[in-house]
Amino acid sequence: DTAVSQTPKYLVTQMGNDKSIKCEQNLGHDTMYWYKQDSKKFLKIMFSYNNKELIINETVPNRFSPKSPDKAHLNLHINSLELGDSAVYFCASSPRAGWDEKLFFGSGTQLSVL
Amino acid sequence: TQLLEQSPQFLSIQEGENLTVYCNSSSVFSSLQWYRQEPGEGPVLLVTVVTGGEVKKLKRLTFQFGDARKDSSLHITAAQPGDTGLYLCAGATNAGKSTFGDGTTLTVKP
Numbered sequence: 010d011t012a013v014s015q016t017p018k019y020l021v022t023q024m025g026n027d028k029s030i031k032c033e034q035n036l037g038h039d040t041m042y043w044y045k046q047d048s049k050k051f052l053k054i055m056f057s058y059n060n061k062e063l064i065i066n067e068t069v070p071n072r073f074s075p076k077s078p079d080k081a082h083l084n085l086h087i088n089s090l091e092l093g094d095s096a097v098y099f100c101a102s103s104p105r106a107g108w109d110e111k112l113f114f115g116s117g118t119q120l121s122v123l
Numbered sequence: 003t004q005l006l007e008q009s010p011q012f013l014s015i016q017e018g019e020n021l022t023v024y025c026n027s028s029s030v031f032s033s034l035q036w037y038r039q040e041p042g043e044g045p046v047l048l049v050t051v052v053t054g055g056e057v058k059k060l061k062r063l064t065f066q067f068g069d070a071r072k073d074s075s076l077h078i079t080a081a082q083p084g085d086t087g088l089y090l091c092a093g094a095t096n097a098g099k100s101t102f103g104d105g106t107t108l109t110v111k112p
């Protein structure tokens, strides 16, 4: 059983399109995240949800909108895709948010905007 | 903004050699995690260190948290090709936000 699963694995699309990435965790964790990894492998947090409530929202363009229908799911919708959005997007979960946060990552979605 | 700098950024060694990777910051963290990431996969948690000066061992890997909880090191003894990957440190604060280092890419040649 995959603990944190995200789909699709690869996403190739044209500039200006709207796309979604889905994420589900079966670990019973309270907290879920979206991270972006750039071409230099730097991982940066985008959003964090705790029990469906948004708790972290880094300076991310409004074109990015996360949605958490329940604490096991966190989806990411991106409007009007731009070339600079090309990256690998990782979903992650942790038992709880806090000082001892341990992250469990999905296998990533490689987004290529042409 | 809390920054974590890792050194070296790239490391290529022969099987059987020892190595140390460093993770440094000017900020104090409540805990620090080390992850390993392989191509096409997400990072996998290796260890969490919490107490200043703490040392944890995971087989051939030894992790240390600095006394002031601002830095950490990862030492690998007798490296094997299976250790190849991207090593990431991440510092967590009470606010529950992990800041990742810029990564160390390790290649162990047979």
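Residue numbers (our numbering), protein chains in the order written: chain A, 10 to 123; chain B, 3 to 112.
Even glycine gets a Cβ: it sits at the ideal position worked out from N, Cα and C.
Computed from a predicted structure; not experimentally measured.
Cutoff 8 Å: residue i Cβ touching any chain B Cβ
i	result
Glu33 (chain A)	no
Glu91 (chain A)	no
Phe56 (chain A)	no
Leu120 (chain A)	no
Gly25 (chain A)	no
Leu63 (chain A)	no
Phe73 (chain A)	no
Leu112 (chain A)	yes
Lys50 (chain A)	yes
Gly37 (chain A)	no
Ser116 (chain A)	yes
Closest Cα partner of residue i within the set the options
i	options	result
Gly37 (chain A)	A:Gln23, A:Ser95 and A:Asn60	A:Asn60
Asp85 (chain B)	B:Leu60, B:Phe102, B:Leu34 and B:Ser100	B:Leu60
Cys39 (chain A)	A:Glu62, A:Ser74 and A:Leu85	Before going on, a small fix: residue 39 (chain A) reads as Asp here, not Cys. Residue A:Glu62 is the option with its Cα nearest to Asp39 (chain A).
Tyr44 (chain A)	A:Pro104, A:Asn84, A:Ser77 and A:Met55	A:Met55
Phe99 (chain A)	B:Gln35, B:Cys91, B:Gly44 and B:Thr22	B:Gly44
Ile87 (chain A)	A:Glu110, A:Tyr19 and A:Lys28	A:Lys28
Leu47 (chain B)	A:Ser103, A:Gly107 and A:Leu123	A:Ser103
Asp94 (chain A)	A:Glu33, A:Val122, A:Asn71 and A:His82	A:Val122
Gly55 (chain B)	B:Gly103, B:Gly18, B:Val49 and B:Ala70	B:Ala70
Pro17 (chain A)	A:Arg105, A:Gly107 and A:Leu85	A:Leu85
Gln34 (chain A)	A:Lys49, A:Ala12, A:Tyr42 and A:Asn26	A:Ala12
Tyr19 (chain A)	A:Arg105, A:Ser74, A:Ser57 and A:Ala96	A:Ala96
Arg72 (chain A)	A:Thr22, A:Val21 and A:Asn26	A:Asn26
Leu112 (chain B)	B:Pro83, B:Ser33, B:Gly87 and B:Tyr37	With the sequence shown as reference, residue 112 (chain B) is identified as Pro, and Leu is not the correct amino acid for it. Comparing Cα-Cα distances from Pro112 (chain B) to each of B:Pro83, B:Ser33, B:Gly87 and B:Tyr37, the minimum goes to B:Pro83.
Lys80 (chain A)	A:Phe51, A:Lys53 and A:Tyr42	A:Tyr42
Val30 (chain B)	B:Val57, B:Ile78 and B:Gly68	B:Gly68
Thr50 (chain B)	B:Thr95, B:Ser9, B:Leu88 and B:Leu108	B:Thr95
8 Å Cβ cutoff, residue i in contact with chain A
i	result
Asp69 (chain B)	no
Gln35 (chain B)	yes
Asn96 (chain B)	yes
Phe102 (chain B)	yes
Glu7 (chain B)	no
Lys72 (chain B)	no
Gly87 (chain B)	no
Pro45 (chain B)	yes
Leu108 (chain B)	no
Thr53 (chain B)	no
Leu63 (chain B)	no
Thr22 (chain B)	no
Gly105 (chain B)	yes
Lys99 (chain B)	yes
Leu48 (chain B)	no
Leu90 (chain B)	yes
Bridge-paired residues (DSSP) for residue i
i	result
Arg71 (chain B)	In DSSP, Arg71 (chain B) forms no bridge with anything.
Ala12 (chain A)	In the DSSP output, where bridge partners are listed per residue, Ala12 (chain A) has none listed.
Thr64 (chain B)	B:Lys59 and B:His77
Pro45 (chain B)	Bridge partners of Pro45 (chain B): none, in fact.
Met41 (chain A)	A:Tyr58 and A:Ser102
For residue j and residue i, believed in contact at Cβ under 8 Å, the rounded distance
i	j	result
Lys31 (chain A)	Gln15 (chain A)	6 Å
Met24 (chain A)	Glu67 (chain A)	Not confirmed; about 23 Å, so no contact.
Ala81 (chain B)	Leu21 (chain B)	6 Å
Item checked: At least three beta-carbon pairs within less than 8 Å, the region 53-72 of chain B to the region 110-122 of chain A -> no
Checklist line | Touch test, the region 74-89 of chain B against the region 14-26 of chain B, Cβ-Cβ under 8 Å, three pairs minimum | finding: Enough Cβ pairs lie closer than 8 Å, so yes.
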